[in-house]
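Peer 1: Structure incoming, see below.
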Amino acid sequence: MADACGVDHPKQQHFLLAVSGGKDSVVMAHLFAQTGLSFGIGHCNFQLRGKAADEDAAFVEDLARQLNCPFHQTAFDTLAVAEQLSVSVQMAARELRYEWLENIREASGYDYVATAHHLTDAAETQIFHLVRGTGLRGLLGIPPRNGWVVRPLLFASQQELSDYQEANDLPYREDSSNTETKYTRNFIRHRVLPAFRELNPRLEQSLGENMQRFRESLFLMEQMLNRIEEAAKTQDGDRILYQLDTLKAFAPALPTVLFELLSPFGLNTTQANDLASGIHEGQPGKVFLTPTHEIALAAEVLEVVAKGETVQQSLVIEREAEQLRFPGGYLYFQLLEKVPEHFSEDPKVAYFDFETLAFPLMLRKWRAGDQFQPFGMGGKHQKVQDYFSNHKFTRAEKAAAWMLADDSGTLLWVVGHRSNHANRVRPSTKQCLKVSVLPD
29 MADACGVDHP KQQHFLLAVS GGKDSVVMAH LFAQTGLSFG IGHCNFQLRG
79 KAADEDAAFV EDLARQLNCP FHQTAFDTLA VAEQLSVSVQ MAARELRYEW
129 LENIREASGY DYVATAHHLT DAAETQIFHL VRGTGLRGLL GIPPRNGWVV
179 RPLLFASQQE LSDYQEANDL PYREDSSNTE TKYTRNFIRH RVLPAFRELN
229 PRLEQSLGEN MQRFRESLFL MEQMLNRIEE AAKTQDGDRI LYQLDTLKAF
279 APALPTVLFE LLSPFGLNTT QANDLASGIH EGQPGKVFLT PTHEIALAAE
329 VLEVVAKGET VQQSLVIERE AEQLRFPGGY LYFQLLEKVP EHFSEDPKVA
379 YFDFETLAFP LMLRKWRAGD QFQPFGMGGK HQKVQDYFSN HKFTRAEKAA
429 AWMLADDSGT LLWVVGHRSN HANRVRPSTK QCLKVSVLPD
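Heads up, my numbering is the position in the sequence shown plus 28, with the first residue counted as 1.
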């Protein structure tokens, strides 16, 4: 368990366990106790299941007492908050839970929040992304760690956790919504995965092994891209040059190579495909314009000239973008044709009403005077500097912070932290843009 936490020196860290009272989170709490790790338990009562929700809270409080660990709890009138903010109940619950766990972690001196996602959850995520359409990064499942959120149960399948629970006769609370198939995730869990297991009884283990291979493949791809960039790229005053001979050596994958190398300058996937065709067909003189740069195809080189802010300060995202590499990692964009039934609770994921966005979007560093409407504050405006202060950002964290804005100048997201109220997903939302950040 200590190794599964994915952090350095886990026995020197203090963990806040997000425990609902369900089987998975109860097993996680017992494993932490058996391993001798330092932890407390946090429980959110969203008051969505009447008396059963209150019984859940009492059960988790009793569990914390049995395990002799600190207990933190809160209750939300989630339906009222969702109505007040004109968002779905799932979105309101996600934001409330995230903000509360973050506040407890900071106020009580915890280093990390641990959630009970397991290998079956990761398999469901991989299948979900595969069916919807994705690239290599979308096949990685659920990351073991995102910032201060860790997922120590990813080594075990849901069945293995159930076996442990039965062997140790651990009581837990059952949420009836987990057995309903109307939710996409539950449909995959109760319909799709059982069918796949008929073909492969070791389904989760096989998919987990695939995820590891994909992570290794992604590592190799990024290492190769770094080498290509080192070999091909030179600086000539204000111009960045890429030698075509070096790029042509990767002809079968040239569109991907061009997109990965040039997306920081605003090049989109369509332009990358067109540029690759121009290189293959020998069409010097073609120029590709992005909101921040001009990319010109010459006889022997690609010339990149900045028109505005430097790439380190501002990156442009076109409407059709699927991913963006930036100095802090990667952004992934997925246009959902309908509002999801469940929203990710990961602060590294944000959801926006697509119709409220003015393209192109801009990823940039924060600036003095920046302000937005933090989700959960009822539309009140707040300076980003004040948001940083209220959430105790260090100087280094402020310097590393990125802002996602749209073409109107509206600040959409303090990336990885808080989204903008005005662009929230509403009951009337028709299309939803899901944006995820994966740090380097």
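Glycine included, every Cβ here is placed at the ideal spot set by N, Cα and C.
Only a predicted model underlies this, so the values are computations on that prediction, with no experimental measurement involved.
Quick check on Y192: does DSSP put it in helix, strand or coil?
Peer 2: Note: Y192 maps to helix in three-state DSSP.
Peer 1: So what does DSSP say about E350, is it helix, strand or coil?
Peer 2: In this structure, E350 counts as coil in the three-state DSSP scheme.
Peer 1: Which runs of the alpha helix (DSSP H) fall wholly inside the segment 31-118 and span at least 4 residues, in chain order?
Peer 2: Within the segment 31-118, the complete alpha helix (DSSP H) runs of at least 4 residues are 51-63, 79-95, 106-113.
Peer 1: Quick one: measure Cβ to Cβ for L326 and P312, integer angstroms, because I've assumed they're closer than 8 Å.
Peer 2: The residue you asked about is not Leu; residue 326 is Ala in the sequence shown. Their Cβ separation, rounded to whole angstroms, is 5 Å, which keeps A326 and P312 in contact under 8 Å.
Peer 1: For a minimum of 3 consecutive residues, which ranges assigned as the beta strand (DSSP E) are wholly contained in the segment 267-349?
Peer 2: As far as the segment 267-349 is concerned, its whole beta strand (DSSP E) runs of at least 3 residues are 267-271, 315-317, 321-325, 329-334, 342-345.
Peer 1: Just how far apart, CA to CA, sit E288 and D266?
Peer 2: Distance between the alpha carbons of E288 and D266: 21 Å.
Peer 1: Report the CB separation of R165 from L466 in whole angstroms; it is logged as a contact under 8 Å.
Peer 2: That pair is a contact at about 7 Å.
Peer 1: When you compare only the Cα positions, how much space is there between L461 and E348?
Peer 2: Cα to Cα, L461 sits roughly 11 Å from E348.
Peer 1: In the DSSP assignment, find the unbroken alpha helix (DSSP H) run with D149 in it and report its ends.
Peer 2: Counting along the chain, the alpha helix (DSSP H) containing D149 begins and ends at 147-160.
Peer 1: Output yes or no for whether 7 Å exceeds the beta carbon distance between E110 and A103.
Peer 2: It is Ala, not Glu, that sits at residue 110 in the sequence shown. No, Cβ-Cβ distance for A110 and A103 is not below 7 Å.
Peer 1: Going by DSSP, name the residue or residues bridged to F361.
Peer 2: In the DSSP output, where bridge partners are listed per residue, F361 has V463.
Peer 1: Measuring straight from C-alpha to C-alpha, what distance separates P455 and S114?
Peer 2: Each residue's Cα considered, the two are about 7 Å apart.
Peer 1: Under the three-state reduction of DSSP, which class applies to Y200: helix, strand or coil?
Peer 2: Residue state, collapsed to three classes: coil.
Peer 1: Helix, strand or coil: which one does DSSP assign to R173?
Peer 2: It is a strand residue.
Peer 1: Would you check if there are 3 or more beta carbon pairs closer than 8 Å linking the segment 171-185 to the segment 128-146?
Peer 2: Yes, the segment 171-185 is in contact with the segment 128-146.
Peer 1: Just to confirm my understanding: we take K39, look at its own chain, exclude 5 residues before and 5 after, and list those with CB closer than 8 Å. What are they?
Peer 2: So the list reads A30, G64, L65, S66, once near-sequence residues are dropped.
Peer 1: The alpha helix (DSSP H) with Y415 in it runs from where to where?
Peer 2: Y415 -> alpha helix (DSSP H) spans 412-418.
Peer 1: Is the beta carbon of V54 sitting closer than 7 Å to the one on Y200?
Peer 2: Yes.
Peer 1: Provide the residue(s) that pair with R381 in DSSP beta bridges, ordered along the chain.
Peer 2: Per the sequence shown, the amino acid found at residue 381 is Asp instead of Arg. C460.
Peer 1: Taking DSSP's pairing of strands, which residues face N448 in a bridge?
Peer 2: For N448, which the question treats as bridged, DSSP gives the partners P402.
Peer 1: Rounding to the nearest angstrom, what Cα-Cα distance links G137 and H42 in this structure?
Peer 2: One C-alpha to the other measures close to 8 Å.
Peer 1: When you compare only the Cα positions, how much space is there between E369 and Q271?
Peer 2: Their backbone Cα atoms lie some 48 Å apart in a straight line.
Peer 1: Keeping to the same chain, check which residues put their C-beta closer than 7 Å to that of G8; ignore five residues upstream and five downstream.
Peer 2: Since the first and last residues shown for the chain are 29 and 468, residue 8 lies out of range.
Peer 1: Helix, strand or coil: which one does DSSP assign to L389?
Peer 2: Correct three-state label for L389: strand.
Peer 1: In the DSSP assignment, the beta strand (DSSP E) including T262 goes from what residue to what residue?
Peer 2: Per DSSP, T262 belongs to the beta strand (DSSP E) from 261-264.
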